[in-house]
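Quick notes on the structure that follows.
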Amino acid sequence: MTLLAGPVGRRLALRVATGGALLAVLSLLVFVGVDLLPGDPVTARLGPNATPERVAELRAARGLDEPVLTRYAQWLGGLLRGDPGTSFSGKPVSEMLADRVGHSALLAGLCVLLLVPVSLAAGLYAARRPGKPADRTVSTGALLLVSVPEFVIASGLVLLFAVGLGLLPAVSLIPAGDHPIRHPDMLVMPVLSLLLVASAYSIRVIRACAVSVLAGPRVEFLRLTGVRERTILRTAVVPAVLPVAVQVWLVTGVGLVGGAVLVERVFAYPGVGDLLVTAVLGGDLPVVQAIVMILGAAMLLALVLADLAVVLLTPRLRTGGAV
Amino acid sequence: ACGGSSDTPGGTDGAASDATSDTPVEGGTLRAVFAGAGASESLDPFAGTSPVDFVRNDVIYDSLFILRDGAPEPALATDAEPAADGMSFTLRLREGVLWHDGSAFTADDVAHSFRYMSSPDRPLPSELQMYFDMGNVTVEDEHTLTVPTVQPIGDPATMLASFPAKMVRSGATDFSTENAIGTGPYRVAAFEAGRETRLTRFEEYWGGASPTDELVFSSVSDPQARVNAVRTGQADYAGDIPFSTAKAGIEGSDLEIRTAGDTNRTGFAFVLNANRAPFDDPKVRRAARLAVDRARLVETVLLGYGEPGNDLFCKGARYFSEARPLKRDLEEARRLVKEAGAEGAKVVARSAEYEAGYNDSTKLFVQQLREIGLDAEEQIVSLAEFFDPAALEEADSVTFSSSPLPLPVIYGRMAAYPSFALPDDEFGAAFGEAMAARTDAERRTAWAKAQDVMADRGNTVVWGVADILSLARTNVAGIEVRDQAKYPYLGKAGLA
Amino acid sequence: MSPTAPTAPTGGIGTGGGSGTSRTGPRAAYAWWGLCATGLLLILLGPELAPHGPTATPGPPYRPPAAGAPLGTDHLGRDVLSMVLHGGRPLLLTGLLAVGIGSVFGASAGLLTALAGARSRLPRMLLMRPLDALAAVPPVLLVLLILTALPGRVGLITAIALAGTPLSARVAYAAAEQVVGRAHVEAAIARGESRCRLLGREVLPLVAGALLADAGIRFTGAVYLVAAAGFLGVGGSSDADWGRLIVEALPGASLQPLALLAPVLAVALVAVTVNLAADSAGHRSRKVLA
Amino acid sequence: MTADSSTFLTAEGLRLETADGPVLDGVDLSLTRGESLAVVGSSGSGKTTLALALLGHLRDGIRHTGGRVRVRGADILPHAPAGVRGSLIGYVGQDPGAALNPYARIRTTLLTAAGRLPRGERDTTVRRLLERVGLPGDTAFARRYPHQLSGGQQQRVVLAAALARDPAVLILDEPTTALDPPAKAGVLRELGALRERGIGMVWISHDLIAVGAFADRVIVLDGGRIAEEGPARRVLTAPRSAAGRRLVAAGTRSTARHTRTPPASGRAGAPTAVTAPDTGAPLHGANPPDTAAGSDSGKTDGPVLRASGLVARHGSTTVLHGVDLAVEDGECLAVLGVSGVGKSTLARCLTGLHPAAAGTVALRGTPLAPDVRGRDRRERAAVGLVAQNPAEALHPRQDVRTALVRPLKRLCGITDRAELDRRVRDLLESVHLPPGFAGRLPGELSGGQRQRVALARALAARPSVLICDEATSALDTVAQEGVLALLAELRARTGLAVLLITHDARVARDASDRLLVLADGRVAATGPTPVLLPPGDSPEEQVTRLLTAPAGAVRPTPYDTDRGASLV
Ligand SMILES: Nc1ncnc2c1ncn2[C@@H]1O[C@H](COP(=O)(O)OP(=O)(O)OP(=O)(O)O)[C@@H](O)[C@H]1O
Ligand SMILES: Nc1ncnc2c1ncn2[C@@H]1O[C@H](COP(=O)(O)OP(=O)(O)OP(=O)(O)O)[C@@H](O)[C@H]1O
Ligand SMILES: [Mg+2]
Ligand SMILES: [Mg+2]
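Residue numbers (the working numbering), protein chains in the order written: chain A, 1 to 323; chain B, 324 to 819; chain C, 820 to 1109; chain D, 1110 to 1677.
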């Protein structure tokens, strides 16, 4: 409580406010930007089957012939009322997004949940032996994983665990009306593929930070006073690494919500990433705009949290001491 | 119905036909996976755009007529008789048809359906309104209507069968899970867009109840994932699987790769823009057709699952003209190009991956055009911009494909699109004749005439016809092809 | 006392790497750098060395390795070896340029903001907040938008650079935040060193490890953004870009695994090399870190 | 643990080398249980390296090329077995500021050092440990982070951590350098008590007086070799080696030199420089013309630096409540105060690194911006600072040459290479470092060497005022004498004004003209040094008295009037 009343609280309030302002800017950028994308939602949907007159007619019916700013104002108004509009498929966007955002967030959340311990453990393990075979192995392994595209990894996992061993379902066919969380067996491989790809970045950054901390006089001193290695990692290395790691985790996590397209495809997982790409490809502007706004808001929130984390995790900043 | 599994060159490893001789037994659940459209899937029969939408809605709703082997067959309607001037027709409906909620199917439902499907509020207003005046239908009695047309139509049944014209209940505008009521063999039990539909058998189906208790459709966009679902036992049938999968083969004694037969192939083509240089010159169009290496394209893009095309669309449709494909003749092609003074002419070949193989075939086509002295280059764009009318008009060649639609449909579409249309008087006349013709013989002559023009100086380069492959458990039986093999009819399917 | 208690290596605590590297001897180091140089040369000269052009289709599709085509052919019948050779140069240049630009820009923004500290909100407002907004746009959309406005390589490089900048800036900021309070930075501020010098000499060497790790990893990200751009049909990449080769080879992977493996391995090799090189470059700076 | 009580810790022919040559050469040493051994020697003689070797640790760049170190008969080089450090041998490092974990509260640091404890005992343990080293044992203090402590507080926390597990032997590397005399007395008392309890000690110190009172045996290190070894009393009174004689001489000479007359005014002639031979040098004439800054020193009347009403805050706590001070050209003002009173904060306010919340700082009458960023080049050059913590003050990646060249380039505008090299050489020489050190990185320097580099860096720009925050704390008596002589010479020759923050009562007494005592964030007393610290008495006791006097008790001393105008 004292924290919130103090400098941290002020900082947080300010950040949330700027976050809101940024979101407003983002909404304009997104709306106008998406509108400028090549392609036309009507022709994209009608395909070659429609005559130009019909296209024009439909454009008018969809209000696409109005100036972009007018449409922006209408859209924003709707958004504020909680109505992100209607997809070009005729469905309300809110209905299309309802579950999918949650499903993707579930995937990303689980992934981050595993990412934190995995990347910390691997990063610290490598950092404790810089330049040694163990370090090389971890680093090279992580790099190999990140170099192999996620859909290749995902396909490999399917071949191994589903087709080969028959341990897990190959496709996440979640029955209608069920939430994915009730089918953990269908989550294993999507989460694992994302984890394998996403962890490389965190591992490498954590390793780099930890190496420099471990080489410093503080760790030397702790070791000289006979503090156990595990305690050193916990009390001196991890706290020093966390401010950077938290950035990476949060940004990676939010990135997974919209960015796990290919993994969602391979497993036919009903997430928002696939929807985003389908909508982009099909020129379904209202859907694209809504998803981008949601992802944008989530990212901005994550960034605020990351900023806050840096302050909270760095005593010098948290206590509002001199710079 | 349409057998013939022997002559699939690529499927030497014994691709079976979709329609197996086995008949399904009563009961059980059939699980099928098709490509879906994610969250935009819908139970509205006029909103769906993806295979799973089509396949699903085909068994929930019925059409007035269906296509079988390219010919219309009565379904909810028994008869469509054109008036003398061809400017209207009388539609007679089947009696004793019940909706899933038990009410009776009547002419009012048809009138509403016509209005609903052609309403400009629909995301995809029906193309039928290019031919019929759908808003001005008059209901004569409970089972009879009169439908005015906008041009003389001699064979309205074919048109009604060719375009998705599902019948919905009078007044229906909401197609949520509870309100998706049709007359088809299955009713909706559960639906989640982009994921799954569960259908249960409708016992009072007018065509006789289906064998299977339950049909489960899953949407899986990735072809490999569809294959995997069947392979690992999560599904019994996967529609539209890639050639490469078939080529690699799938082990498992209870699995088989099936083709839809050689009358149900997709024609792959490049449509040349005959309204601008250089393809406004029939010589250059012919040169392009001589330049294209059909065998190579079939081998590369279709991996041999298909055969070279004769540049005409809709092989397998009624009245299709079985001309022999042109032989590749680069010398002659170069000569023609030179003669037309089109050497070094710029050719932009526009493509997007609308279907697998579009971009690859375009790349090969461009190289082949270069060999005859045209300065060709591909223009690969995103799906969203592919059909932009202005851009299409700027392109010299557009990659395109079609299943064996009835000829009026395909040529009607092409005529409606400036950059696809062939500005040729003889062709135009023959096409008009064919549309208005009231007897089979007249139509046959007219279509032969029109296709002769196409074969001589046409603007379509249908380089190959491709098999439609699916993966099924061997005991899956009763799968039918109606209008398009990619969207098979599962109303009579089940497990043997 | 835990059994894993520190057993200080001869080289001293924490920086065994220093002695580790030196113990492998200069010969191993030369061999390593020689190998890197050869690889680089191979990539840069690849298009010249390739037996076939990037669009040539010398064989049937999915042909297994044979005399003329040691790696076989891909789905279009193109020679896999030639394609891999053609794809390296554009990809490497695009990737390195894009990541370089993104990192320099991001790191400068992050370091500047950290340096300004709590005293001045201006850099935060002018640098970090716009980058936050940028971070909020999904990379795929960013690529699409920028390539629409600026088609071609330049657009691609810009898009990838911009997509990487925000996180780069954040990593730099978070790392620098731990360092800027040190007395030697204060001493430098007190003697009025220029911002450039403060960033480049006082702070950068102490956070170089994290920045290099960040940049190194984002190189692979760049490879796949290039691929994604090709996949979405917005162009900017060439046919032979490794990322695109991979995306296109996946469907036929069971028919011709080499068409997939070759570019994947190429990307992996470059990624591992780039990153390990970054590590050893950053190594000296860590050796004496306090 | 009653086994072999004769030798607990031994070094035999220990030889450690760097690339440049040996740091320790054939060092033999043994320590019996409960014995207190002092290691003295000039800065850079290898004391810290020896201490670390006794813990089984070698810094980067140092190789073990001969001999062995054993604890209870077991080799600990090159690898110290588990269970030696911490519980058998405790360690207090030379550089507490750099050693404390910035992410851990004091409490956590102490508990970590103490090892596993039942939950209920933790609070009492923390309190007990803090109180043993003279720090407040309350929870609020225990919850602080290292950056919220003053240098002396940090050092005591480190000591407390070393005591946490009651080790059999303590290795102490300059454990009292940052402590004020009362605190130091307290710590020494605590160490004495430990010794009574039979805890052995290896104690590295520059403070020969403390050594004399404390150690059983003394080893004099010189250039990595043992110059002599013997009972403390003997070595400190009658050293046999040259190195020993030098140290002892420097350590005792200072008292004899306390014979100068307090200057009547800042400009009334050079103060009796400690060792400056030519006292007749003109005050301001010696500045070379190229020193753009500082060359005009003395052109105006009044103090060169004056602060009035300085208020400084750390977060919400106010550390300085309106401090006034003034330093005149050539004058040396010593600032005394208990640890944590705000001396470093005051120094940082004056240099603009910690902008004061209120009050002004004026240079020759011109007000300076509170933030150093707002000051111009001349003003920056005019105020030099030697920060309290030399390890942090040097960039770990920059060699000594760069550290010295930067201010030369930046503040003096020198760009000529040869000139720079010359100046670097001169600067190193002036702080008694060999020119070869220019290429070294801070990590390759001893504590005292780092401190001298930091001093050289501060002098590089030829400031008018030099603020030394404990600039001699890590130096042996000889080096300290050299540095003080240098300052005196500069004061005399260039009119440099010095603000000397120190805990060393002797330094304050011998080197300063005037004293300023800080207490409770205010100036508690000020006056000429000879008056406040009259010769004769032990300076430590006098300072202790000054510092511990109740606030206000010292204030109305008549000495204030001595310097009337320049004061409050
Ligand atoms: N960043 C900070 N935040 C909060 N409190 C601080 C901070 N820095 C110092 N302090 C507190 O301010 C007071 C003055 O600190 P300062 O470092 O100026 O003391 P000092 O007189 O130099 O002590 P020492 O002689 O031990 O170095 C101390 O009580 C210290 O705990
Ligand atoms: N890591 C290193 N690499 C190279 N030389 C070093 C290293 N550490 C110390 N030295 C050198 O070894 C010598 C001894 O250093 P050490 O730190 O032991 O001195 P010290 O006696 O503790 O001095 P001080 O009293 O100044 O702390 C010095 O000349 C120093 O420059
Ligand atoms: Mg030392
Ligand atoms: Mg201090």
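We put the beta carbon where it would ideally sit given N, CA and C, even for glycine.
Inter-residue spacing [alpha-carbon to alpha-carbon] between residue 1637(D) and residue 1455(D): Distance between the alpha carbons of residue 1637(D) and residue 1455(D) is about 20 angstroms.
Nonlocal neighbours in the same chain, by C-beta distance under 7 angstroms from residue 156(A), ignoring five residues either side: Excluding residues up to 5 positions away in sequence, nothing lies with its Cβ nearer than 7 angstroms to the Cβ of residue 156(A) in the same chain.
Residue from 987(C), 973(C), 1004(C) whose Cα sits closest to the Cα of residue 913(C): Nearest to residue 913(C) by C-alpha distance, out of 987(C), 973(C), 1004(C), is 973(C).
Residue burial classification, residue 1137(D) (beta-carbon count within 10 angstroms, cutoff 16): When all chains shown are included, residue 1137(D) counts as exposed.
Run of the beta strand (DSSP E) containing residue 514(B), from where it starts to where it stops: Where residue 514(B) is concerned, the enclosing beta strand (DSSP E) stretches over 509-515.
Own chain partners of residue 190(A) with C-beta closer than 7 angstroms, once the 5 adjacent residues on each side are dropped: Cβ neighbours of residue 190(A) beyond the five flanking positions: 107, 172, 263, 267, 269.
Any non-hydrogen atom of ligand 1 within 7 angstroms of residue 1243(D) CB: Taking 7 angstroms as the cut-off, the C-beta of residue 1243(D) does not count as close to any heavy atom of ligand 1.
Unbroken stretches of the alpha helix (DSSP H), 4 residues or longer, contained in the stretch 1499-1587 of chain D: As for any alpha helix (DSSP H) of minimum length 4 sitting wholly inside the stretch 1499-1587 of chain D, the runs are 1499-1502, 1509-1521, 1526-1539, 1556-1569, ordered along the chain.
Cβ contact (3+ pairs, closer than 8 angstroms) linking the stretch 1080-1091 of chain C and the stretch 1278-1288 of chain D: No, because fewer than three Cβ pairs between the stretch 1080-1091 of chain C and the stretch 1278-1288 of chain D fall closer than 8 angstroms, the two stretches do not touch.
Neighbour list for residue 1316(D) in chain A, Cβ cutoff strictly below 7 angstroms: Near residue 1316(D) there are no residues of chain A at all, since even the closest Cβ is about 22 angstroms away, more than 7 angstroms.
Residue 397(B) in three-state terms, based on DSSP: In the three-state reduction of the DSSP assignment, residue 397(B) falls in the strand class, which pools E and B.
Under 8 angstroms between C-beta atoms of residue 879(C) and residue 891(C): With respect to the 8 angstroms criterion, residue 879(C) and residue 891(C) are not classified as neighbours on the basis of their beta carbons.
Inter-stretch contact (C-beta, 8 angstroms, three-pair minimum) for the stretch 1159-1174 of chain D and the stretch 186-203 of chain A: Flag = no, the stretch 1159-1174 of chain D and the stretch 186-203 of chain A do not touch.
Distance, residue 91(A) Cα to residue 78(A) Cα: Going from the Cα of residue 78(A) to the Cα of residue 91(A) covers about 15 angstroms.
Heavy atom of ligand 3 within 7 angstroms of residue 1555(D) beta-carbon: Here the distance from the Cβ of residue 1555(D) to the nearest heavy atom of ligand 3 is below 7 angstroms.
Residue environment, residue 1406(D), which counts as buried when at least 16 other CB atoms sit within 10 Å: Caution is warranted here: a pLDDT of 41 is assigned to residue 1406(D), below 50, making its placement in the model unreliable, and no coordinate value can be reported.
Runs of beta strand (DSSP E) wholly within the stretch 900-941 of chain C (minimum 3 residues, chain order): Secondary structure within the stretch 900-941 of chain C: not one fully enclosed beta strand (DSSP E) run of 3 or more consecutive residues is present.
Same chain, Cβ closer than 7 angstroms to residue 932(C), neighbours up to 5 away in sequence not counted: In chain order, 942, 943, 946, 947, 992 place their CB closer than 7 angstroms to the CB of residue 932(C), counting only its own chain and leaving out the 5 sequence neighbours on each side.
is_contact[residue 1574(D), chain C] using C-beta, thresh 8 angstroms: Interface annotation, residue 1574(D): not in contact with chain C, CB-CB separation never under 8 angstroms.
Nearest neighbour of residue 1411(D), chosen from 1440(D), 1429(D), 1209(D) [CA to CA]: Closest in C-alpha terms to residue 1411(D), from the list 1440(D), 1429(D), 1209(D), comes 1440(D).
Whole-number beta carbon distance between residue 1575(D) and residue 1605(D), since they are thought to touch under 8 angstroms: Residue 1605(D) to residue 1575(D), Cβ: 6 angstroms. Contact.
Sequence-distant residues of the same chain with beta carbon closer than 6 angstroms to residue 1686(D), five excluded per side: Residue 1686(D) is absent from the model: chain D starts at 1110 and stops at 1677.
Cross-chain neighbours of residue 227(A) in chain D, by beta carbon under 8 angstroms: Those within 8 angstroms of residue 227(A) in chain D are 1195, 1221, 1222.
Beta-ladder partner(s) of residue 205(A), from DSSP: DSSP, once it has assigned bridges, lists no residue as partnering residue 205(A).
Which listed residue (748(B), 685(B), 734(B)) has its alpha carbon closest to that of residue 722(B): It is 685(B) whose Cα lies nearest to the Cα of residue 722(B).
Beta-carbon spacing of residue 778(B), residue 635(B) below 8 angstroms: In this structure, residue 635(B) lies closer than 8 angstroms to residue 778(B) by Cβ.
Own chain, CB closer than 7 angstroms to residue 746(B), minus 5 neighbours either side, in chain order: Around residue 746(B): 597, 598.
Proximity of residue 1197(D) and residue 1309(D) at Cβ, strictly below 8 angstroms: Not closer than 8 angstroms, so no.
is_contact[residue 1217(D), chain G] using C-beta, thresh 8 angstroms: Here chain G cannot be found, since the structure's protein chains are A, B, C and D.
The beta strand (DSSP E) enclosing residue 669(B), as first and last residue numbers: Note, residue 669(B): beta strand (DSSP E), 669-674.
beta-carbon residue 1168(D) near ligand 2 non-hydrogen atom, thresh 7 angstroms: Indeed, a heavy atom of ligand 2 lies less than 7 angstroms from the Cβ.
Chain-order list of residues whose beta-carbon lies under 6 angstroms from that of residue 540(B) (same chain, five-residue window excluded): Within the same chain, residue 540(B) has close Cβ partners 355, 375, 379, 520.
Assumed close pair residue 127(A), residue 207(A) - CB separation to whole angstroms, cut-off 8 angstroms: Their Cβ separation, rounded to whole angstroms, is 5 angstroms, which keeps residue 127(A) and residue 207(A) in contact under 8 angstroms.
Range covered by the alpha helix (DSSP H) that runs through residue 1003(C): First-last of the alpha helix (DSSP H) with residue 1003(C): 1002-1009.
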